[in-house]
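S.K.:
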Amino acid sequence: MSVSSLILYILRGAPGSGKSTLARSLSQTHVFSTDDFFVCNETGVYKFDATQIGRAHEWNQHRAKMALAEKIPVVVIDNTNMCRWEAKPYVEAALHEGYAIEIKEPATDWWVARDVATMAKRNTHGVDAEIIERMIARYEPDFSISSILAAEPPFPPQQRQQRPQQPFTPPPSHDDARTRACIEIAARLRRMGVLSEAQILEATTLAPERTSPVSGGFQSGRGPRGRESFQPYDRRDRN
Numbered sequence: 001m002s003v004s005s006l007i008l009y010i011l012r013g014a015p016g017s018g019k020s021t022l023a024r025s026l027s028q029t030h031v032f033s034t035d036d037f038f039v040c041n042e043t044g045v046y047k048f049d050a051t052q053i054g055r056a057h058e059w060n061q062h063r064a065k066m067a068l069a070e071k072i073p074v075v076v077i078d079n080t081n082m083c084r085w086e087a088k089p090y091v092e093a094a095l096h097e098g099y100a101i102e103i104k105e106p107a108t109d110w111w112v113a114r115d116v117a118t119m120a121k122r123n124t125h126g127v128d129a130e131i132i133e134r135m136i137a138r139y140e141p142d143f144s145i146s147s148i149l150a151a152e153p154p155f156p157p158q159q160r161q162q163r164p165q166q167p168f169t170p171p172p173s174h175d176d177a178r179t180r181a182c183i184e185i186a187a188r189l190r191r192m193g194v195l196s197e198a199q200i201l202e203a204t205t206l207a208p209e210r211t212s213p214v215s216g217g218f219q220s221g222r223g224p225r226g227r228e229s230f231q232p233y234d235r236r237d238r239n
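Residue numbering for the sequence shown follows the UniProt record's numbering, beginning at 1 and increasing consecutively.
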């Protein structure tokens with residue numbers, strides 16, 4: 001197969017931006033999203049668990065790399081990719097396998113206008129407007145291949161054990177159960193070392209009477225992470 005016929009599409013966009021619809025227009029079979037890790041095979045139910053996000057990204061990168069190694073002609077990465085370093089593992093793997101790389105974003109009116117209210121209504125995972133707005137605040141305009149390759153995570157591996165651990169103090173309006181959940185999630189995110197302290201505080205500080213997707217847990221049973229092949233979850237019914 002000619003190298004020129006191999007292409008990796010890396011998508012960018014917040015939940016509800018039209019990213020998954022764009023992904024389906026590019027490929028019906030080889031679309032890889034970290035979100036699929038949280039979909040139970042038996043029930044098709046999506047249930048996010050913030051404590052598993054590191055494993056979810058590793059799982060998605062692994063199956064995408066398998067597809068690239070098998071020279072699947074069109075591979076699509078359907079993640080939010082707000083920051084350059086998030087796309088780096090896919091770019092490095094694609095270049096190693098001789099793929100061309102194209103960065104794409106939805107052309108929907110609401111994504112172009114950064115209409116978070118519309119995106120909150122349209123996304124299928126219940127991500128609210130405030131969280132979407134925080135995600136968009138992390139959006140890095142320069143997403144060239146060279147800038148992606150030069151990017152590093154907020155805390156490189158060698159520094160993750162050295163960074164200061166600040167105690168998490170939730171707002172006084174939280175009830176005890178919610179407070180305990182926030183503290184536990186914050187502690188686990190610190191151990192994973194993928195977010196800065198400010199990002200952890202943002203992710204785990206819930207406003208009163210607000211539902212956050214970080215409060216769920218992955219259901220028991222054989223989920224997508226148990227698959228041995230690189231075939232992605234069937235996402236045709238998703239928006």
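Glycine included, every Cβ here is placed at the ideal spot set by N, Cα and C.
#1: Consult DSSP for lysine 65 and reduce its assignment to one of helix, strand or coil.
#2: With DSSP as the reference, identify every bridge partner of lysine 104, one or two as the case may be.
#3: Looking at C-alpha atoms only, which residue of Ala100, Ile53, Glu86 and Arg84 is the closest neighbour of proline 73?
#4: What separation, rounded to the nearest whole angstrom, lies between the Cα atoms of tyrosine 9 and glutamine 61?
#5: Taking the CB atoms as reference points, tell me whether alanine 14 and isoleucine 131 lie closer together than 7 Å.
#6: Whole alpha helix (DSSP H) runs in the region 74-151 with 4 or more residues, listed along the chain?
#7: Which of the three DSSP states, helix, strand or coil, is assigned to phenylalanine 38?
#8: Is valine 75 near histidine 30, with beta carbons less than 7 Å apart?
#9: Kindly give me the distance between the Cβ atoms of leucine 149 and lysine 65, rounded to whole angstroms, as I take these residues to be in contact under 8 Å.
#10: Please list, in chain order, all residues of the same chain as histidine 125 whose beta carbon is under 8 Å from its beta carbon, the five residues on each side excluded.
M.R.: Reading it off the structure:
#1: helix
#2: Leu11
#3: Ala100
#4: 14 Å
#5: no
#6: 84-96, 109-112, 116-122, 129-137 and 145-150
#7: helix
#8: yes
#9: 16 Å between Cβ atoms; not a contact.
#10: Pro15, Asp35, Tyr46, Phe48 and Pro213
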